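All letters in the sequence shown, in the order written, are residues 22 to 329 by our numbering.
Positions of the beta carbon are idealized from the N, C-alpha and C atoms, including for glycine.
Note that this is a predicted model, so its numbers are computed, not measured.
Working notes, beginning with the structure itself.
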Amino acid sequence: MKSVSRREFIAAATAAAAGSLLGGCKSRSEAPAAAARAPSPANGAAVVEKSRVILIRDRSAVLADGRANPEVIARMIDEAACALTGEKKPLDAFGALIRPDDTVGIKSNVWKFLPTPPEVEQALRARILELGIPEDRIGIDDRGVLQNPVFQKATALINTRPMRTHHWSGVGSLIKNYIMFVPDPYNHHADACADLAAIWNLPHVKGKTRLNVLAMLTPLFHSVGPHGFNPEYLWNYGGLIVSRDPVAADTVGLSIIEAKRKAFFGDNRPLNPPAKHIQLADTRHRLGTADPARIALVTLGDDKDILL
């Protein structure tokens, strides 16, 4: 997959305007909320709708011991939700994503070396509870989603996981996080997990995902072997990538991983295998967009070493 530069992402948000976002969030690259669109061409050609992606960073989100700071994480999620939806208040932002009558499954990731931070899970759960959804209609799970009664009845899904390099798919992505929605995940490893996006079209998943949160707090940018992990290849990026479009969010995350690899190793060192499933989620499965020209990227917070 083509590496995506910061310039390309900023060019993709051609309708962006400098200034403050709703709720007082400051942005370096800003496009209109919700469905961002490019300016209408003079020849009357179809306007291309863009997928809005929020990248928010705060180094203080990661404590000295590597744990996430719950207060900072909650604030980051609130600000990102406001920026994504255009709402001024966090609860209104979540209300634009989740209905009070929904049953909500939060699809997490429990990989022992780099799981979804519980602080992210609980910040999402807290806002859903505030919408008036009772506890028995909210579930958080990973490997047990097919047997979990909440997920079996879910009308809405929130997808959250960290990004990391991965032996079979190039990177562990938001797209890949739904592999536990099939009973035979091992049968989806062929060709660098090329067709992971097909899982999103299964009846118990299709059309239910309201929000994707890619944790880029301490991403893993290099590993060797099926369960390879070396803390040398973690770094405090202090970021969350938030979008309705998992493909667009993964595209931004992958670009950051690739840039970090180049900065660390001093040369272009392609992922092996390549994370081809992200591009194919767009071109083959039409799940979302991996095209930088169709991604409206909004950046909030710390821009030092942003790697875009």
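Exposed or buried, which one is residue i when buried takes at least 16 other CB atoms within 10 Å?
i, result
"R290", "exposed"
"E51", "The predicted model places E51 with a pLDDT of 43, which falls under 50 and marks its position as unreliable; any figure quoted below should be read in that light. Buried, by the Cβ-count rule."
"T124", "buried"
"D288", "exposed"
"Q168", "exposed"
"L112", "exposed"
"L232", "buried"
"K197", "buried"
"G65", "For G65, the pLDDT reaches just 46, beneath the cut-off of 50, and the residue's location in the model is therefore unreliable, although a value from the coordinates is still provided. G65 is exposed by the Cβ-count criterion."
"A63", "A caution first: A63 carries a pLDDT of 46, below 50, which makes its placement in the model unreliable, though a value can still be read off. Result: exposed."
"R88", "exposed"
"G160", "buried"
"G246", "exposed"
"D122", "exposed"
Closest to residue i by C-alpha separation, out of the options, would be which residue?
i, options, result
"G126", "K229, P138, T186, P247", "K229"
"F134", "D157, A85, R73, T239", "T239"
"K281", "D312, T137, W256, K297", "W256"
"F242", "K283, A311, K227, Q300", "K283"
"T186", "L118, E279, L329, I262", "E279"
"L318", "R265, L301, P294, R307", "R265"
"L178", "L84, V192, F115, E100", "F115"
"P138", "S190, A175, L84", "L84"
"S244", "L292, R182, Q300", "L292"
Taking 8 Å as the cut-off, does the CB of residue i come closer than this to any heavy atom belonging to the ligand SAM?
i, result
"S72", "By its list of ligands, the structure shown contains no ligand whatsoever, and the ligand SAM lies outside what it can speak to."
Residues bridged to residue i by DSSP?
i, result
"N180", "K128, N233"
"S72", "I316"
"H187", "G191"
"V166", "Its beta-bridge partners do not exist; DSSP assigns none."
"A95", "Looking at the DSSP assignment, A95 forms no beta bridge with any residue, so it has no partner."
"L77", "Here residue 77 is Ile; the residue named in the question, Leu, does not match the sequence. In the DSSP output, where bridge partners are listed per residue, I77 has L261, L321."
"L255", "L241"
The alpha helix (DSSP H) with residue i in it runs from where to where?
i, result
"L261", "Looking at the DSSP string, L261 is not in any alpha helix (DSSP H); the run it does join, the beta strand (DSSP E), is 260-264."
"I277", "267-286"
Could you pull the start and end residues of the beta strand (DSSP E) that residue i belongs to?
i, result
"D162", "159-162"
**Prompt:** Three or more C-beta pairs closer than 8 Å, one from the region 205-212 and one from the region 143-155: is that the case here?
**Reply:** No, because fewer than three Cβ pairs between the region 205-212 and the region 143-155 fall closer than 8 Å, the two stretches do not touch.
**Message:** With a threshold of 8 Å, are at least 3 pairs of Cβ atoms found where one atom belongs to the region 157-173 and the other to the region 100-114?
**Reply:** They do not touch, by the three-pair rule.
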